[in-house]
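Visitor:
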Amino acid sequence: MEQKIKAYNNMLELIGNTPLIKLNTITESFEGNFYAKIEGFNPGHSSKDRIALHIIEEAERKGILKPGDTIIETTSGNTGFSIAMVSIIKGYECILAVSSKSSKDKIDMLRAMGAKVYVCPAHVKADDPRSYYEVAKRMHQEIEGSVYINQYFNELNTNAHYRTTGPEIWNQTGGAVTHLVACSGTGGTISGTARFLKEQNPDIRIIGVDAYGSVLKKYHETREFDPKEIYPYRIEGLGKNLIPTATDFDVIDTFVKVTDEEAAHTAREISRSEGCFVGYTSGAAMQAVKQLAEEGEFDANSKVVVIFPDHGSRYMSKVYSDDWMREQGFFDTVHSEIEEDIQY
Ligand code: PMP
20 MEQKIKAYNN MLELIGNTPL IKLNTITESF EGNFYAKIEG FNPGHSSKDR IALHIIEEAE
80 RKGILKPGDT IIETTSGNTG FSIAMVSIIK GYECILAVSS KSSKDKIDML RAMGAKVYVC
140 PAHVKADDPR SYYEVAKRMH QEIEGSVYIN QYFNELNTNA HYRTTGPEIW NQTGGAVTHL
200 VACSGTGGTI SGTARFLKEQ NPDIRIIGVD AYGSVLKKYH ETREFDPKEI YPYRIEGLGK
260 NLIPTATDFD VIDTFVKVTD EEAAHTAREI SRSEGCFVGY TSGAAMQAVK QLAEEGEFDA
320 NSKVVVIFPD HGSRYMSKVY SDDWMREQGF FDTVHSEIEE DIQY
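Numbering (my numbering), first residue to last: 20 to 363.
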């Protein structure tokens, strides 16, 4: 008798449809109901799988990409991993210009996935010829038949989330979602998801998470770019030193800023309290939820969805390293006693 084989055709078929899970412990003392969208369940372990697949397939559909062509991108790591994964399956070359702020784990992983990686200095201006934007642009000009994904300035980034993340959250909550809390880097996740959700129900509150040292919150409030807002910070993938056109500031109601230190401790707390191993920006998003709860943003009827963008395994040499935490001075303050207890 012929057996029916239950197999996916390749890794790409597993992208999207990530689970929504109820948060139980970390939100215990808050009013409202809290759910996390776990983007680490994507096969490339982050939300960036969605945009890599969508942008590459749109380029194929338009006849821009031919087999063997090169795909170029600037990335803090996650987008690079996703593009490398999609490139392998679809038969493209993958070249990535990454920030020196990216963890060594991430860079090694990109190389393991067959990508050619150029590491560029993190603390230079976007228009500096050494910046990862300029390096990627130059390579795109020099390599014939190359496509530059350009996630910060590509509307397809936002569209990927409009078409997938938004409808998934709407369906998973049966339309009951009242708040969305999401990190903003390129702004693709929050803008695309929010655009879809606001079309279904304009009363849904959309809250962006930004870093101290980033211009996004101030720009949202004033519509002016303020270079005084820019200074170095630790969190990768959150906030920006420029205004990405992939961000639709009109669908975001407010921004909350979180510190490097609080976000790091909250990432560790999510892992330990919910058994859900998440990355640094998931800690940032959850930290924003905590701050909002303290400010009285939620009530008993609130159904809050917070997006956890990636998996914790990418941060073993950072947030999940006690040595790294100590080097940052993150054990020096109120958290020191708790952390010393769990060392081994
Ligand atoms: N978290 C992480 C770890 C990321 O890499 C990114 C992307 N830069 C984000 C959050 C923010 O997502 P988006 O770019 O869609 O705003």
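Quick reminder that beta carbons are idealized off the backbone N, C-alpha and C, glycines included.
Note that the structure is a prediction, hence the values are computed from the model and not measured.
Expressed to the nearest angstrom, what Euclidean distance is found between the alpha-carbon atoms of T278 and Y231?
Guide: Approximately 6 Å, taken between the alpha carbons.
Visitor: Using a threshold of 6 Å, is the CB atom of G211 nearer than that to any non-hydrogen atom of ligand 3?
Guide: You won't find ligand 3 in this model; what it holds is ligand 1.
Visitor: Throw me the rounded Cβ distance for the E293 and F349 pair, which I believe falls under 8 Å.
Guide: Going by Cβ atoms, the distance from E293 to F349 rounds to 21 Å, so no, they are not a contact pair.
Visitor: Considering only C-alpha positions, which residue in the set L261, I254, R253 and E255 is nearest to K247?
Guide: L261
Visitor: With a CB to CB cut of under 6 Å and the five nearest residues on each side skipped, what residues in its chain are close to Q191?
Guide: L39
Visitor: Measure the CB-CB distance between I223 and L216 and report whether it falls below 7 Å.
Guide: The answer is yes: Cβ separation under 7 Å.
Visitor: Candidates S106, A145, T93 and D229: which alpha carbon is nearest V117's?
Guide: T93
Visitor: Roughly how many whole angstroms lie between the Cα atoms of Q22 and E32?
Guide: 22 Å
Visitor: Nearest to I70 by alpha carbon, out of G298, S121, I254 and T183?
Guide: T183
Visitor: Is G331 closer than 7 Å to V308 when the C-beta atoms are compared?
Guide: The Cβ-Cβ distance between V308 and G331 does not fall below 7 Å.
Visitor: By Cβ distance, which residues of its chain are closer than 6 Å to G204, with the 5 residues on each side in sequence left out?
Guide: Closer than 6 Å at Cβ, skipping near neighbours: G256 and L257.
Visitor: Would the beta-carbon of T205 be found less than 6 Å away from any heavy atom of ligand 1?
Guide: yes
Visitor: State buried or exposed for Y363, treating a residue as buried only when at least 16 other CB atoms are found within 10 Å of its CB.
Guide: At Y363 the pLDDT is 41, less than 50, meaning the model places this residue with poor confidence and gives no usable figure here.
Visitor: Name the DSSP beta bridge partners of I226, please?
Guide: V200 and T273
Visitor: Apart from the five residues on each side of it in sequence, which residues of its chain come closer than 6 Å, Cβ to Cβ, to I90?
Guide: I102, S106, Y111, C113 and V166
Visitor: Determine the direct distance from the alpha carbon of K25 to that of Y151, and round the result to whole angstroms.
Guide: 42 Å
Visitor: How about the stretch 51-61 and the stretch 124-136: do they share at least three Cβ pairs that are nearer than 8 Å?
Guide: no
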